[in-house]
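Numbered as in numbering that gives the first Met the number 0, the sequence shown ends at 339 without a single skipped number.
See below for the structure under consideration.
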Amino acid sequence: MSDPQAVAALVLQLRQRLQNVIGTTIGKGGEGKTTVTANFAEVLAQAEQAKADQGKPSKPILYIELDSNGNGRLNFGVRGREFDDDGASFLEALTEDKDLQVVQGVRPHLDMVMSGSHNADIPTAVARLTGRHGNVSFLLLAILLAQISHRYRWILLDFSPGDKSIQRLGLAACTHLVAPMKGSDNAVIEGLGTLAGLVRQIRPLNAEVAIAALVFLGYQRRNDEPTSQLINLREKIGLLLDQAHITREVMVDAYIRDGETTANLARNHGMPAGEFARATAGQLVDHESNEPVERPRDENGRLVDPQRAVDIATDYVQVVTQVLQRVVQRNAELRGADAS
Ligand SMILES: Nc1ncnc2c1ncn2[C@@H]1O[C@H](COP(=O)(O)OP(=O)(O)O)[C@@H](O)[C@H]1O
Ligand SMILES: [Mg+2]
0 MSDPQAVAAL VLQLRQRLQN VIGTTIGKGG EGKTTVTANF AEVLAQAEQA KADQGKPSKP
60 ILYIELDSNG NGRLNFGVRG REFDDDGASF LEALTEDKDL QVVQGVRPHL DMVMSGSHNA
120 DIPTAVARLT GRHGNVSFLL LAILLAQISH RYRWILLDFS PGDKSIQRLG LAACTHLVAP
180 MKGSDNAVIE GLGTLAGLVR QIRPLNAEVA IAALVFLGYQ RRNDEPTSQL INLREKIGLL
240 LDQAHITREV MVDAYIRDGE TTANLARNHG MPAGEFARAT AGQLVDHESN EPVERPRDEN
300 GRLVDPQRAV DIATDYVQVV TQVLQRVVQR NAELRGADAS
């Protein structure tokens with residue numbers, strides 16, 4: 000199918016069903032995509048669970064990682080579980096028209112598609128398809144998600160910049176982008192530039208996707224205020240956004256403070272930040288066994304200080320709240336544009 004009109008008609012059908020798909024990506028590696036996405040998934044799933052507890056309508060969250068390291072499994076402590084197929088079924092669903100296998104209830108109100116080493120075969124499979132059908136093949140993931148998106152409140156896609164075809168699959172499928180910003184000014188700015196370019200390139204297959212929010216991760220907080228490091232970086236990025244005619248509102252006020260040690264401990268324990276914070280305070284109950292979870296210890300066997308864990312968990316709740324406001328606002332604008 001290379002008839003541009005037919006592609007445009009398909010894209011139109013797909014777009015309406017993908018407004019709840021949020022992608023996390025950035026044109027640089029190791030920026031905290033998986034950490035941020037896993038924590039977003041946790042915060043959003045908890046919010047849906049809270050609605051359910053109050054007898055209100057709720058829907059689960061779906062987390063999908065496209066990266067072949069499948070690190071998201073670590074953040075949720077599910078690597079090597081009986082349902083962990085290293086991404087085999089995801090690859091088949093994507094490229095061989097098999098059913099997408101979703102692991103339900105990885106946490107309350109949180110489902111996950113398993114990823115892993117098989118994801119490394121996605122680029123070759125997609126290249127074969129683009130060879131035969133052209134760029135429309137980059138809509139494969141969008142088509143897959145459009146069939147299940149109504150079952151989910153939000154679908155979170157975590158995809159790396161490592162491979163262009165994977166990034167295109169991801170960009171064609173989501174409506175909103177969250178870009179984690181971590182590390183030196185230059186790395187962050189370069190990453191943002193690359194991402195802006197990729198968003199432009201995907202336009203023919205997805206004219207709606209745009210950066211909804213930048214999430215600053217790993218910056219110091221003193222006396223509850225950001226330090227000059229983050230303030231100056233925001234100013235630099237602000238100027239770039241102005242030039243690119245992107246609203247500065249994408250830079251939400253909330254950010255994730257620095258806490259590499261805590262982040263690594265949480266991942267080693269297979270817990271996102273909120274869960275890890277509750278565990279350090281001795282308040283976590285395993286959702287499957289209903290047993291209290293032992294308080295986590297560091298590599299020296301010492302109990303983890305709850306304060307840092309609670310601080311980071313609190314940051315995530317604030318960041319997710321502000322990012323979601325942006326996403327909801329964008330959706331209202333997109334629907335408004337449809338209506339007029
Ligand atoms: N709050 C934080 N402060 C500092 N470093 C962090 C924080 N959260 C996560 N990290 C670190 O960021 C790195 C990025 O991890 P990851 O999420 O796997 O990135 P990606 O998915 O982009 O490759 C990890 O080494 C982790 O320890
Ligand atoms: Mg990752």
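For every residue, glycine included, the Cβ atom is placed at its ideal position computed from N, Cα and C.
Cutoff 6 Å; reference residue i; Cβ partners in own chain excluding five residues on either side
i      : result
Asp66  : Ser159
Ala51  : Ser57
Asn70  : Thr33
Ala312 : Ala272, Gly273, Ala276
His117 : Asp85, Gly86, Ala87, Leu90
Val326 : His175, Ala211
Val292 : Ala278, Leu283, Asp285
Leu213 : Ala178, Met180, Val249, Met250
Beta-carbon proximity of residue i to residue j, cut-off 8 Å
i      : j      : result
Met250 : Leu216 : no
Phe75  : Val105 : yes
Val318 : Ile255 : yes
Leu155 : Leu61  : yes
Ile25  : Trp153 : no
Leu90  : Ala124 : yes
Arg294 : Gly281 : yes
Gly258 : Arg307 : yes
Glu41  : Pro59  : no
Lys235 : Ile165 : no
Ala195 : Ala119 : no
Ala145 : Leu333 : no
Leu197 : Leu239 : no
Lys27  : Gly237 : no
Asp157 : Glu64  : yes
Classification of residue i by the beta-carbon crowding that lies within 10 angstroms, buried from 16 upward
i      : result
Val3   : Correcting the residue identity first, residue 3 is Pro in this sequence and not Val. Burial call: exposed.
Val77  : buried
Ser114 : buried
Gly31  : buried
Glu81  : exposed
Val284 : exposed
Lys163 : exposed
Glu207 : buried
Thr23  : buried
Ala178 : buried
Ser227 : exposed
Asp241 : exposed
Asp304 : exposed
Leu11  : exposed
Selection from the options that minimises the alpha carbon distance to residue i
i      : options                        : result
Ala96  : Val284, Pro107, Asn185, Leu128 : First, the residue type needs correcting, since residue 96 is Asp and not Ala in the sequence shown. Closest option to Asp96, Cα to Cα, is Leu128.
Ser288 : Ser88, Thr94, Pro107           : Pro107
Leu43  : Val6, Val316, Pro291, Arg334   : Val316
Ala186 : Gly29, Ala308, Ile121          : Gly29
Ala37  : Arg301, Arg307, Ala262         : Ala262
Ala172 : Arg334, Asn19, Glu332, Asn231  : Asn19
Glu224 : Ala209, Pro203, Arg202, Ala253 : Ala253
Arg233 : Arg247, Asn222, Arg221         : Arg247
Asn134 : Leu204, Leu238, Gly300         : Leu204
Arg301 : Thr279, Asp83, Gly335, Gly79   : Thr279
Ile121 : Asn68, Val303, Ile147, Val102  : Asn68
Ala342 : Arg202, Leu240, Glu298, Met111 : Missing from the structure shown is residue 342; the chain here goes from 0 to 339 and no further.
Asp201 : Ala141, Ser227, Gly182         : Residue 201 is actually Ile in this sequence, not Asp. That would be Ala141, whose Cα lies nearest to the Cα of Ile201.
Gly161 : Arg221, Val10, Thr193, Ala336  : Thr193
Asp314 : Asn231, Phe39, Leu9            : Phe39
Ala209 : Asn231, Asn222, Gly182, Ile245 : Ile245
Arg221 : Ala336, Gln328, Asp310, His149 : Asp310
Spatial neighbours of residue i in its chain, beta-carbon cut-off 8 Å, leaving aside the 5 residues before and after
i      : result
Ala92  : Asp98, Leu99, Gln100, Leu143
Leu139 : Leu93, Thr94, Val125, Leu128, Leu168
Val102 : Val77, Phe82, Asp110, Met111, Val112, Met113
Tyr151 : Asn19, Lys58, Pro59, Ile60, Leu61, Asp110
Glu290 : Val284
His149 : Arg16
Contacting residues, own chain, Cβ-Cβ under 7 Å from residue i (five flanking each side not counted)
i      : result
Leu229 : Phe215, Tyr218, Tyr254
Gln45  : Gly273
Ser136 : Val125, Leu128, Thr129
Asn330 : Gln18
Point to revise | Neighbouring residues (CB closer than 6 Å to any heavy atom of ligand 1) | key: Gly28, Gly29, Glu30, Gly31, Lys32, Thr33, Thr34, Asn70, Leu216, Gly217, Ile255, Asp257, Gly258, Glu259, Ala262, Asn263, Ile311
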